[in-house]
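So the sequence lines, in the order shown, correspond to chains A and B.
This note's numbering applies: residue 1 is where the first sequence begins, and numbers increase by one.
This note's numbering applies: residue 446 is where the second sequence begins, and numbers increase by one.
Ideal Cβ positions, reconstructed from N, Cα and C, are used throughout, including at glycine.
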Amino acid sequence: MKDETKGLCNYTLKELKKNGAEDVIISLETCTTSQIKFSNSRIVSMFQWDLKNAGIFASFSKRLVSTVLKEVSKKHIDETISKINKFINFCKENNDYNGIAKGPFRYRRIKKTHDEKIENLEDEGIDIVKQSIDIAKRKGIEKTAGLFETSSHKTFLLTSNDVEALDTGTEAQFSFRALKTKDSSGHFTSSARMLNNVDFESVCEEACEIANKSLNPGDGKQGKYDVLFHPMAFANLLDSFGNAASAFHVESGMSCLKDKIGKKVASSNVCIYDYGNLKNSPGTATFDAEGVPTRKTTMVKDGILKGYLHNTSTAKRFKTKTTANAGLIAPQPTTIAISEGKFDKEGLIGRIKKGIYVTNIWYTRFNNYTTGDFSTIPRDGIFLIENGKIKKPIKNIRISDNLLRMMQNISGTGNDSRIIQNWETEVPVLCPHVFVTGVNITKSI
Amino acid sequence: MNDIGNFAIKIAEQFGCSYAEARTESSEGNAFILKNGNPEVSGFEASEGIAVRLLKNKNLTFVSTNKLEKENIKWLIRKAVRRLDSSSRLSEKIELKNERVNKKNYKVRQKINVLDFSPKEKLDLLLEVEKSLDEIKKNIPARYFSIADSLTKKEIITSEGTMITSEIPRINFVYVLTMVNSQKSAQRYWQLGASSGMEILNKWKLEKKLKEESAALLRNLRQGRKTRPGAYDVVVAPEVAGIIAHESCGHPYEADRILGREAAQAGESFVKKDDIGNEMSSKNVSVVDYPAMEGSYGFYLYDDEGVLGKKKYLVKNGIMNEFLHNRETSAAMRMANNGSSRATSYEREAIVRMSNTFFVPGKTKEEELISEVKRGIYIKNFTEWNIDDKRLNQKYVGSEAYIIENGEITHPVINPTIEIDTIRLYASIDNVADNFELHAATCGKGEPMQGIPVTMGGPSIRLRRIKIT
Chain A
1 MKDETKGLCN
11 YTLKELKKNG
21 AEDVIISLET
31 CTTSQIKFSN
41 SRIVSMFQWD
51 LKNAGIFASF
61 SKRLVSTVLK
71 EVSKKHIDET
81 ISKINKFINF
91 CKENNDYNGI
101 AKGPFRYRRI
111 KKTHDEKIEN
121 LEDEGIDIVK
131 QSIDIAKRKG
141 IEKTAGLFET
151 SSHKTFLLTS
161 NDVEALDTGT
171 EAQFSFRALK
181 TKDSSGHFTS
191 SARMLNNVDF
201 ESVCEEACEI
211 ANKSLNPGDG
221 KQGKYDVLFH
231 PMAFANLLDS
241 FGNAASAFHV
251 ESGMSCLKDK
261 IGKKVASSNV
271 CIYDYGNLKN
281 SPGTATFDAE
291 GVPTRKTTMV
301 KDGILKGYLH
311 NTSTAKRFKT
321 KTTANAGLIA
331 PQPTTIAISE
341 GKFDKEGLIG
351 RIKKGIYVTN
361 IWYTRFNNYT
371 TGDFSTIPRD
381 GIFLIENGKI
391 KKPIKNIRIS
401 DNLLRMMQNI
411 SGTGNDSRII
421 QNWETEVPVL
431 CPHVFVTGVN
441 ITKSI
Chain B
446 MNDIGNFAIK
456 IAEQFGCSYA
466 EARTESSEGN
476 AFILKNGNPE
486 VSGFEASEGI
496 AVRLLKNKNL
506 TFVSTNKLEK
516 ENIKWLIRKA
526 VRRLDSSSRL
536 SEKIELKNER
546 VNKKNYKVRQ
556 KINVLDFSPK
566 EKLDLLLEVE
576 KSLDEIKKNI
586 PARYFSIADS
596 LTKKEIITSE
606 GTMITSEIPR
616 INFVYVLTMV
626 NSQKSAQRYW
636 QLGASSGMEI
646 LNKWKLEKKL
656 KEESAALLRN
666 LRQGRKTRPG
676 AYDVVVAPEV
686 AGIIAHESCG
696 HPYEADRILG
706 REAAQAGESF
716 VKKDDIGNEM
726 SSKNVSVVDY
736 PAMEGSYGFY
746 LYDDEGVLGK
756 KKYLVKNGIM
766 NEFLHNRETS
776 AAMRMANNGS
786 SRATSYEREA
796 IVRMSNTFFV
806 PGKTKEEELI
816 SEVKRGIYIK
826 NFTEWNIDDK
836 RLNQKYVGSE
846 AYIIENGEIT
856 HPVINPTIEI
866 DTIRLYASID
876 NVADNFELHA
886 ATCGKGEPMQ
896 GIPVTMGGPS
906 IRLRRIKIT
């Protein structure tokens, strides 16, 4: 961070205080990203982003305003402050607002968040994509699609409550879909902070294996099934669960966890965490949007909901402490993790008499967020399990069930957790295979 | 901005690009949230940036930045072109359809400029909506309203000489209502959107709309019966017809899906290139995508490649007629381009997107559609929905819905669910009404995800003998 830029952030903060602001947060982020997109086993486009973003949050007697600086220059800062002064006069008090975190804080260095290899990556990304496509060809799959994305970011945070902190990091994400025929495909992803932790080869191999095994699927039948979820699939549901734990969503009717603290919301075998300082996760940061050092928070212990995810303001409303999940409007999950069990995938399949193995889902939509009634569509390889063995591939089914009921019916988790981040799974999820009994399966007719 | 765009084109040409396109955008906007009667943080924002798309040796690359110093843009383009050279061995050879050079300047006229409407007036609007629900507030324990507006100035310059400048305001109102009665609950989450000045608020009549919808949902909770599963004639109102048109006609007719370009995430399509001319539905059925509808949320005149956005009959009189194309897909399929290339902002590549997608109205009154149903269901609006990634296996769950008995709407019914294959769905449509509504939506596609403003709609349509659960 240049001294001049830091100086301008300090200037902004002081000016806002001078103009009557009580709480001020200045957040300056820069991010460079490269993406290689491929489909039909050819690169279809290469992308480069180079972006900066300077955010301001300020409170004036419980009237709250946020804005973004188009450029960090004294002239523009003065114009923006003048606009804030006018804007805030029209705003009304938010009586629910309870301030921001009081610093200063001590930050621990989180391992495996910054990789110079990613920052200095040149043509190696193209080689990685080529090698991946070649692996698929060797496995008999001519058509593949996906992306390889790397990014490097820097966040400087300054608050009126004695926080001044800098966080830097890198990320790499690899998504690979193998399309054997129009009805048989496999998809897998890997996301990490360090390039060495993105296992390109195993991602390709697993996607190809699912595609190859799902050849000529028959139509699935509706009914109740025991379902084994691949990490790709269950991560999508845990993303919904993590969002439901945000105190903001609880208040705004977008959560099935309202009034559930101290109650059973999942199987007693299960613990669920928000893991803000998990090494190597794309969701990890040194501090949250108020500057509070990130941490591991137990959301569910032995099936019982222990609490929601909070920023300072929502925490005071719920008479508890922040969980370091600010979001200034809504607390947000960082990385969601579910406790592992002792079985591997084969061990879990072996426990299923009549069931389905779902390797991926998409289009998860809720009928009613407060009850948790929802449906989602399995895609890519789907397999019928009989007497502990995969019998045959199937297609055209839908999971139409209830999130809380499914969480309570978790009968086992695997010992093979992987970090999943995907199109619909926006929050990274550390997830193994998960076995859920009595899942309601429907289908289109 | 013109200066930066021209500079980017010049640099691209210096680096040997055969085609370059610069899209510069500046945008201003405001956003307000009211949660359970309390104003959350309000915001205003201004942003400015450039997207540059380059073609060299038939390989495509895209750069985006909001650091608009010329040296930075030059550095980014140089880096992108160098990587393009390295990737050439593995790259798809991309051609762009020849297009006429367009020069046009257009803007949406606003009677009340979105940026002149004061923050107080916007917040007061949300408070008035909240107040309008006072009488039944005890049955609506969670209420979330937001209003956001923006004014985007965009300039598209290509190395071929096209130059399009536009100025489009957009307004968006989102609401989530959680209704409870005894131990039962229901939710309504929906949005209204327009490319318009603030005068659109007079048309929206938000207080009346939300009051009526809340009362209907509450009545449904109190009196609604469970649906008895079986085959029914179903009349769906424009909101439901719209989501059908969008999900199982608009999306599968996107040519980039058909070509497999979005296969990794957004998926492919059950439609094949050679399907043009095949029957999809009855002769009564036509589905159109038309961006130039005045005031519509999906409005534009020229797409993000500077091509005129045409009126597209995706389905014409029951026959599969035309796909949604950009310059790349129309060249690949050797079909006419129809100007469907859109990006959500300078941070995203322009890809094939819908705009305003709808069933074309017929001549029959909605009442007549209903009067000809002996045993059926009328679905006014919906809640949960989804569809598979080839756009065949879809589900729509009714929110406000009623039983039809002997041609008359009689009794509210709870969550009638259509779960049907696209082929059967379109084959079941026997008539369309003469009413017409467009509903705003935010459509997701692309990597990274792009949620783009669209509308979807049409008249009420009747589906004969479909399974309801």
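Smallest Cα separation from residue i: which of the options?
i, options, result
"residue 615 of chain B", "B:467, B:546 and B:644", "B:644"
"residue 851 of chain B", "B:815, B:870 and B:830", "B:815"
"residue 810 of chain B", "B:862, B:546 and B:881", "B:881"
"residue 489 of chain B", "A:266, A:10, A:17 and A:83", "A:83"
"residue 367 of chain A", "B:884, B:826 and B:619", "B:826"
"residue 507 of chain B", "B:483, B:465, B:451 and B:478", "B:465"
"residue 518 of chain B", "B:808, B:456 and B:848", "B:456"
"residue 424 of chain A", "A:391, A:129 and A:377", "A:377"
"residue 25 of chain A", "A:155, A:358, A:221 and A:341", "A:155"
"residue 354 of chain A", "A:365, A:306, A:384 and A:331", "A:384"
"residue 413 of chain A", "A:348, A:405, A:427 and A:139", "A:348"
"residue 178 of chain A", "A:267, A:442 and A:39", "A:39"
Looking only at its chain, what residues have a beta carbon closer than 6 Å to the beta carbon of residue i, apart from the 5 residues adjacent to it on each side?
i, result
"residue 438 of chain A", "224 and 409"
"residue 328 of chain A", "57 and 289"
"residue 619 of chain B", "591 and 636"
"residue 914 of chain B", "674 and 862"
"residue 485 of chain B", "478"
"residue 323 of chain A", "297, 309 and 310"
Under the assumption that residue i contacts residue j (Cβ atoms under 8 Å), give the Cβ distance between them as a whole number of angstroms.
i, j, result
"residue 399 of chain A", "residue 382 of chain A", "Rounded, the Cβ-Cβ distance is 10 Å, inconsistent with contact."
"residue 641 of chain B", "residue 555 of chain B", "7 Å"
"residue 542 of chain B", "residue 782 of chain B", "5 Å"
"residue 606 of chain B", "residue 679 of chain B", "Contact flag wrong, Cβ pair sits at about 52 Å."
"residue 69 of chain A", "residue 160 of chain A", "The Cβ separation is near 17 Å, so there is no contact."
"residue 232 of chain A", "residue 115 of chain A", "With a Cβ gap of about 24 Å, residue 232 of chain A and residue 115 of chain A do not count as contacting."
"residue 897 of chain B", "residue 798 of chain B", "5 Å"
"residue 656 of chain B", "residue 571 of chain B", "No, residue 656 of chain B and residue 571 of chain B are not in contact; Cβ-Cβ is about 15 Å, not under 8 Å."
"residue 681 of chain B", "residue 824 of chain B", "5 Å"
Near residue i, which residues of its chain fall below 7 Å by C-beta distance, leaving aside the five closest residues on each side in sequence?
i, result
"residue 738 of chain B", "744 and 801"
"residue 625 of chain B", "584 and 586"
"residue 59 of chain A", "21, 22, 23 and 97"
"residue 271 of chain A", "298, 300, 301, 302 and 339"
"residue 751 of chain B", "547, 601, 603, 607 and 609"
"residue 666 of chain B", "624, 626, 629 and 631"
"residue 53 of chain A", "29 and 68"
"residue 143 of chain A", "40, 41 and 179"
Tell me which residues share the same chain as residue i and place their Cβ nearer than 8 Å to its Cβ, disregarding the 5 neighbours each side in the sequence.
i, result
"residue 501 of chain B", "460, 461, 462, 463, 526, 529 and 530"
"residue 250 of chain A", "244, 257, 258 and 308"
May I ask whether a heavy atom of the ligand PLP can be found less than 7 Å away from the beta carbon of residue i?
i, result
"residue 665 of chain B", "Among the components modelled here there is no ligand, and therefore nothing to report on the ligand PLP."
Who does residue i pair with in a DSSP beta bridge?
i, result
"residue 698 of chain B", "Per DSSP, none; premise fails for residue 698 of chain B."
"residue 395 of chain A", "A:219"
"residue 343 of chain A", "A:414"
"residue 884 of chain B", "B:901"
"residue 454 of chain B", "Residue 454 of chain B is not bridged to any residue."
"residue 593 of chain B", "B:476 and B:617"
Please report whether the beta-carbon of residue i lies at a distance below 8 Å from any beta-carbon of chain C.
i, result
"residue 175 of chain A", "No chain C appears in the structure shown, which is made up of the protein chains A and B."
Listed in chain order, which residues of the stretch 676-710 of chain B have Cβ atoms closer than 8 Å to some Cβ of chain A? 704, 705, 706, 707, 708, 709 and 710
Can you pull out the residues from the stretch 35-52 of chain A whose beta carbon lies closer than 9 Å to at least one beta carbon of chain B? 35, 36, 37, 38, 39, 40, 41, 42, 43, 44, 45, 46, 47, 48, 49, 50, 51 and 52
Using a Cβ cut-off of 7 Å, which residues of the stretch 532-552 of chain B contact any Cβ in chain A, in chain order? 532, 535, 536 and 537
For the stretch 767-783 of chain B, enumerate the residues whose C-beta is nearer than 7 Å to any C-beta of chain A, in chain order. none
Which residues, taken in chain order from the stretch 482-496 of chain B, show a beta carbon closer than 8 Å to some beta carbon of chain A? 483, 484, 485, 486, 487, 488, 489, 490, 491, 492, 493 and 494
Any C-beta of chain A within less than 8 Å: which residues of the stretch 785-814 of chain B qualify? 792 and 794
Closer than 9 Å between beta carbons: that is the criterion. Which residues of the stretch 132-165 of chain A meet it against chain B? 133, 143, 144, 145, 146, 147 and 149
Chain-ordered residues of the stretch 818-849 of chain B with a beta carbon less than 8 Å from chain A: 828, 829, 830, 831, 832, 833, 834, 835, 837, 838, 839, 840 and 842
What residues in the stretch 622-644 of chain B have a beta carbon less than 7 Å from any beta carbon of chain A? 623, 630, 631 and 632
Residues of the stretch 395-421 of chain A whose Cβ lies closer than 7 Å to any Cβ of chain B, in chain order: 396 and 398
Using a Cβ cut-off of 8 Å, which residues of the stretch 500-521 of chain B contact any Cβ in chain A, in chain order? 504, 505, 506, 507, 508, 509, 510, 511, 512, 517 and 521
Going along the chain, which residues of the stretch 183-203 of chain A sit with their C-beta nearer than 8 Å to a C-beta in chain B? 187
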